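A quick write-up on the structure given underneath.
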Amino acid sequence: MVKKLRNFKDLSHITIQFLLASILLSGVFSTVQAQTDTTSAPADAGAATAAADNGIPTTPEAISEGENLFSSNCAVCHAIDAQIVGPALQGVTERRPLPWLINFIKNSQKVIQSGDEYAVNLYNQYNKTMMPSFAFSDDQITSILAYVQSASSQAAAPGQAAAGDTSATAQTGGTAGQDAGISSSYLTIILIGLVIILVLILLVLILIVSVMTRFLKQREDLDEADQELMGQRTNFKKIVTSMPFIGIVTFIFMAIVVKVAIDGLYSVGVQQGYMPKQPIAFSHQLHAGQYEIQCQYCHTGVMKSKSANIPAANVCMNCHQQIKPESPEIQKIYAAIDFDPETQTYGNNKKPIEWVRVHNLPDLAYFNHAQHVNVGGLECQTCHGPIQEMPVVYQYSSLTMGWCINCHRETEVNASDNAYYDKLLELHEAANPKEPMTVESIGGLECSKCHY
Amino acid sequence: MKKNKRYWKGLEELRNDPELVKRADKEFPDYLPISESKRNGEEGSSRRDFLKMMGFGISAATLAACEAPVKKAIPYVVKPVDVDVTIPNYYASTYLDGGDYCSIVVKTREGRPIKVNGNDLSRVTSGGTSAQVQASVLSLYDKQRLQGPVANGQPVSWSELDQNVSAQWRSAGGQRVIVSYTVLSPSTQAAINALVEAFPGTQHIMYDPQPADGMLAANKAMFGKAVLPTYDFSQANVIVSFGADFLGTWVAPISYAKQYATTRKLNKNKKSMSRHYQFESNLSLTGANADYRTPIKPSQEGLVIGQLYNLIAAKAGGSAANFTKTDEIPNLQKAANDLLNARGASLVVSGSNDPAVQMVVNQINQLLGNYGTTLTMDQASYYRRGSTAALERLVQDAQAGRVGGVIFYNCNPAYDYFGAASLVEALSKVKVKIATSDRIDETSALADFIAPDHHYLESWNDAEPQQGQFSLAQPTITPIFDTRQAQSSLLTWAGSSETNYYNFLRSRWRENLFGTQSEDTDFDRFWDRALYNGVLEAEGTSLLTAGADDSSFANVGTSVAALASTINNNYKGGEGVELVLYQKVAIGSGRQANNPWLQEMPDPITKTTWDNYLTIPQSMASEMEITTKEGFTGLVQLTVNGQSYRMPVVVQPGQAPGTVGIAVGYGRNRAGKVADQLGVNAYPMASKVNGSFVYFNAGEVTVENLDEEYRLAQTQTHETFMGRETVIQDAVLAEYQEDPKAGRFEYELETSEGPKPPEDISLWHGHKYPNHHWMMAIDLNSCIGCAACTISCQVENNVPVVGKQEVINRREMHWLRIDRYYSSDEVSDAKEMEKASANPEVVFQPMLCQHCNNAPCETVCPVLATTHSTEGLNQMTYNRCIGTRYCANNCPYKVRRFNWFKYHDNEQFAAVNVAMNTDLGKMVLNPDVTVRSRGVMEKCTFCVQRIQLGKLEARKQGRRPQDGEIDTACAEACPTDAILFGDANDPTSKISQLINEETEGRAYHVLQEIRVSPNIYYLTKIRNKDQEETNA
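As you go down the protein sequences, you meet chains A and B in turn.
1 is the number of the first residue of the first sequence in this note's numbering; add one for each residue after it.
453 is the number of the first residue of the second sequence in this note's numbering; add one for each residue after it.
Listed below in structure tokens is the structure:
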């Protein structure tokens, strides 16, 4: 429920959206499901036949090995169904023969220099961007291609479905988020349904009571006590002015006021959910989510220094010298680094990009990324949330001291294979073998670990 | 004997002044002004105002809290490859200031130099630093530096300046002169020579504010070279110094302190140490460290050295000379005997600038066979090669109108030359005057053109402090202002083909030094290595030559008989008051006077800040009925050479009777906001003896009590020592040799089970230190009190400067102070006491948070802002502190400092606390340490930021931290390695070995009896004195 965190005001709006969306989606989802089911069978069959044709394996092992290799080596410049630095690879195994592909991946320049027409055209088409050579074995290359092939066929399937008009949603990463939302919106529907049922039951009960009362009033044979009971009228005024009632109401009111005040005070300076507008509409959803670019590719300091680094504009230029030069957002990068895409030259009138800081720790607290990511082995998402799903970055965690402390209490120290902790681990196991060695147990809650 | 000996912290305590006794138990006297307005006699703010302000404050805070301010994060546009944000880079470089030298490593963060450390690879300074070197990083960010070239008081462009200067310099009739301090850089010398060659007849004159003409002349006569010898104090078993403050200010104190300390260290395997005699007038830092110190008058100095010569010559085979007899000089015979017993391993030095006296000193060293062991002329030092006589001649020539043009290369003779007044007058007759000063100082204010030089941290340069020992300086920041390397300016004006000094420097190294080694065959590799190391040794190569103009040095004969008559003529004793000039350890000659860190550094001896003053002996004070207490002192009128000065006095134990002392480096008019009008300029007070300017005046000097009160900002008397022997423990060498625990005072508490050491009794359960246990040991024997650690700590930990008035209010913020204790024997006997106080023994004790295991501060904090860590640290959490100051009240060591004001971004402190009040000054702050705000307590953290970083680096590499990898700023800066820091849980660490060895030896805890169980050990002070003398 990512959206909930953004703003209270939007809550009701969102709920309604969810209601509508979930009703719509349940329809869409079922159609997509059906279509995937129908297309997958022939695609598999196609792949199997291709394996016999082009020598590319179709075993799941090869595909998963290929996927690993692809994401760590190729994904920076290539995607299956989109053009990044290099061309989209969908169907490449059908476009080019295997030996050509192997040669090109191993040393693209050699192929280009050999005068291969296709290669030369490709090179010119992509602004003469060199594809670096890779020292892969033939097996590794074929497994990468196996992955590309299987991914191509998977991507092709919904692609075909999209052609049939059910909108392009299925193709974007957005589906994943909404898929996750369906179950929780069901829950909301169930809850609302329950409330409606309860209200209905209440109405029915009130109806029954009034019918019964009317019936009893018409009877003459009631004794005095029953008469009195029947004739009794609820004196609301008396109840409202009674001391216990006033007392209870005052107490509840005061309790709410105090609670709101304390919550308000506690949240002073807490910027959870803070989502400022950035000077350049950079989307982590696109870069980290869709293209799966490693966080460290841009945030170079995260493993070695206190600060993870907001990347310098020259890091952006590694890709965006070629990619989407026409986009107005990319033009802002060009303006900052004084780059002329026409002539592909840099000038000297550089102006730094003034990003708005999202995560503001007070100066009195010392936080070191290297300690947590490198030594502690934490994922970025542990503190930054589902960053790969954020079109605009917002502060996911509260970043309060209580939040830090709580994590230090619960988290086990990543002590394996680190000789620094050997002695501590030994001591801990001797004293307390059943409990895990948490950060707290080795002094991680002491003041001057973070304040100096 | 031990029982009667006691140390006292100031004269007030010695006298048992009733005022002091009354206030003795108060940390702060009650006459402190509470608010600024009350001091001005206005009505203070009322309670109603307070409530109004509080109401407003709360509502303002509530409103302000509604919307968090938008903060920007601005990354590099193009990130430099070797800069990673938050990871410091280190560059080897060279500190060159006037003729002072230190090989350094500069720490930079995001391209800003923020700390200077010593370079361990240098054989000259061996990783040592001084307070001046430590503080020099702030001078880089001085806003009073010129921001661009100036012609006739108007800012101009560099090209315009060059055109004008070239044209005018060419057309300047008469003599052309370049004036500089001693040039230690061979390439700078080459750039100057280029200008000299371009305009034949141009003269290059070097001079020094602390001249060594006397030594140069004597060495020229004796060895044919007008240079200083290279000393090796580490080889000397007996050191005799006549007024040479070689640990503080004389020639190359960083090198000497390092060498000296090696002879003073004691351990299980080395139970001998050097013996050090000092004969001097003012109590200097060196004198304070001497085993035997004898106060002498400056007018006796020549005769005393002559007598020593006779005593040595009688036994060592020299011819005796007829020196005038003086009164019996205590310890002189003893010194002579010791010197004779340590022939070839002894050293006699003198700070005198009289060639005749220095010749006698040379003869003594020659007779003792010291040349080649403790000092050598074969590998000469190039410090202090200036000739004051040459500058004098320039003044005469200029007055006669013979001088057409002068270039002042980074020097300030209009302030720090003894004859500044005549120079200023003569300069009006010089047509073209050019200066390369970094600011409009006393000299450049008179210049037509100012071509401001870079700060040394922005410059390329090289240096050859000693023959064959080279070092490189490299820029660690892009020039902040529109300044230009002065050497480039000189090359430009010379019309040289190469005006880029970097290229010039490289080509000179390629020509002259690349060939001296065979390790690298490629010049670029050689250059990179030299740059990386910062230093290069090339035995037998020398690029600098002896004094610029040897002919300007006086001719002095080597015959002692002839010298004797010269000396007898010049040194007559005399009954009048004699004035002795000296340099302060922090301020030196005054070049860095505008550095507030140095101004606020308490003088090691007088513990006075922000002022200079007249030091007078106690006998003179009682004669003149001057009393001093807690910084309140009297003003006197000092008349020298017919000039009168009003100045405060400090009653100085150890000051030779009949002498008064005054520090140079003060009384500046154009140094900048910090230093201007502080104190009195003492340079014009110097006199001439035997043709040379000397640092004393034995002529017409009178001191007159003005009966006016003055308040000095002293940091010493607000904590009394109360005669407790558990603070300072000392012994003499013979006792130590017998028993390593000699001098230790082991306190025992009376209990129902008999006396017990405090360690055995505790209410505490103690702490467990499973991981690290950080501890420190401070060797009182090798601590010389130079205060490099104080400044290093201040730089590292963003300690604010508070200014003179706040120091007077006892609110100075230094986390590490050096307590200086005078001793006096036989306290019971008033007469004996008087005698001892005239020339006391001195102990320096660095005092910082002791990180007690049973810390009294921790238990009294109502908000748990100060707590104990599992690594032995006493942690201080600023953001939790509410400022009750209970902890400071409960601290037995008085090391906690309270932020009485917000010292950063506060108009009131902008003038003094420059590091926290301007954008430029803030660049020096250490980003890893919080800048504290008003109302919180602070204190030494054991440099926890360094501990955390060191542990993290180790963890990243999956190993334990190595010993020495994690070091505190004070230990790192110490030129004598007196401070040792490390992990006592690591059995291989130096600290754990030292503690194992010395707990049954010299290691003691200060105030052991209160059982706070500190994590800092002190090692007893051992003096190399004869046993019977201390018994007497």
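Where a beta carbon is used, it is the ideal one built from N, C-alpha and C, also for glycine.
On a predicted model such as this, the values are computed, not experimentally measured, just so you know.
Inter-residue CB distance, residue i and residue j (contact presumed, cutoff 8 angstroms)
i, j, result
"B:H907", "B:L592", "5 angstroms"
"B:N1467", "B:M1228", "7 angstroms"
"B:P1105", "B:A1290", "7 angstroms"
"B:K524", "A:E329", "The Cβ separation is near 19 angstroms, so there is no contact."
"B:S1139", "B:V1132", "The Cβ separation is near 17 angstroms, so there is no contact."
"B:F901", "B:L1372", "No, B:F901 and B:L1372 are not in contact; Cβ-Cβ is about 25 angstroms, not under 8 angstroms."
Within chain B, partners of residue i - CB distance below 8 angstroms
i, result
"A:E329", "Under the 8 angstroms cutoff, chain B gives no residues; its nearest Cβ is about 17 angstroms from A:E329."
"A:A312", "P527, Y528, V529, V530, K531"
Straight-line gap, residue i to residue j (C-alpha atoms, nearest Å)
i, j, result
"B:K1220", "B:T1322", "7 angstroms"
"B:L463", "B:S693", "27 angstroms"
"B:P1069", "B:A1363", "35 angstroms"
"A:P87", "A:Q278", "30 angstroms"
"B:Q785", "B:A794", "14 angstroms"
"B:P1136", "B:Y869", "8 angstroms"
"B:T1203", "B:R1454", "26 angstroms"
"B:G625", "B:G700", "44 angstroms"
"A:A48", "A:P99", "Any reading at A:A48 needs caution, since the residue's pLDDT is 40, under 50, leaving its predicted position unreliable; the model's value is listed next. Their Cα atoms are separated by approximately 20 angstroms."
"B:R1407", "B:N1250", "27 angstroms"
"A:Y420", "B:P1413", "8 angstroms"
"B:A797", "B:L735", "26 angstroms"
"B:H1225", "B:D1435", "5 angstroms"
"A:V315", "B:V533", "12 angstroms"
"A:T59", "A:I293", "26 angstroms"
Neighbour list for residue i in chain A, Cβ cutoff strictly below 8 angstroms
i, result
"B:A688", "Within chain A, no residue comes near B:A688; the closest Cβ sits about 43 angstroms away, beyond 8 angstroms."
"B:Y1330", "L364, H451"
"B:L1404", "N368, A370, Q371, V375"
Same chain, Cβ closer than 6 angstroms to residue i, neighbours up to 5 away in sequence not counted
i, result
"B:T654", "R628, V648"
"B:N1047", "A587, L590, S591"
"B:P395", "This structure does not reach residue 395 of chain B, given that chain B is present from 453 up to 1484, and the question cannot be answered."
"A:I239", "F245"
"B:Y744", "Y729, N783"
Same chain only: Cβ atoms within 7 angstroms of residue i, ignoring 5 sequence neighbours per side
i, result
"A:K434", "none"
"A:L361", "F367, L399"
"A:Q381", "I387"
"B:T1336", "P1314"
"B:A832", "K677, V679, L680, P681, T682, Q919"
"B:A1165", "T1060, T1061, W1062, D1063, G1083, K1256, V1259, I1260"
8 angstroms CB neighbourhood of residue i in its chain, flanking five on each side removed
i, result
"B:S771", "A765, V1012, A1013"
"A:A163", "For A:A163, the predicted structure reports a pLDDT of 41, less than 50, and the residue's modelled location is therefore unreliable. A value from the coordinates is still provided. Excluding sequence neighbours, A:A163 sits near nothing in its chain."
"B:A713", "S1234, I1236, P1427, T1428, D1429, A1430"
Partners in chain B for residue i, counting only beta-carbon separations shorter than 9 angstroms
i, result
"A:G301", "D536, V537, T538, I539"
"A:G443", "P1222, N1223, S1321, T1322, E1323"
"A:S71", "Within 9 angstroms Cβ-Cβ: nothing; A:S71 doesn't reach chain B, min ~25 angstroms."
Contacts of residue i in chain A (Cβ-Cβ under 7 angstroms)
i, result
"B:A1412", "Looking at the sequence provided, one finds Arg at residue 1412 of chain B rather than Ala. The contacting residues are A419, Y420."
9 angstroms Cβ cut-off: residues of chain A touching residue i
i, result
"B:V1381", "Y452"
Checklist entry - At what residue ranges does the region 1176-1235 of chain B contain a whole run of the alpha helix (DSSP H), taking only runs of 4 or more? => result Those alpha helix (DSSP H) runs which fall completely within the region 1176-1235 of chain B and span 4+ residues are 1185-1190.
Item to check | Continuous beta strand (DSSP E) assignments of at least 3 residues falling wholly in the region 755-802 of chain B | outcome: 798-802
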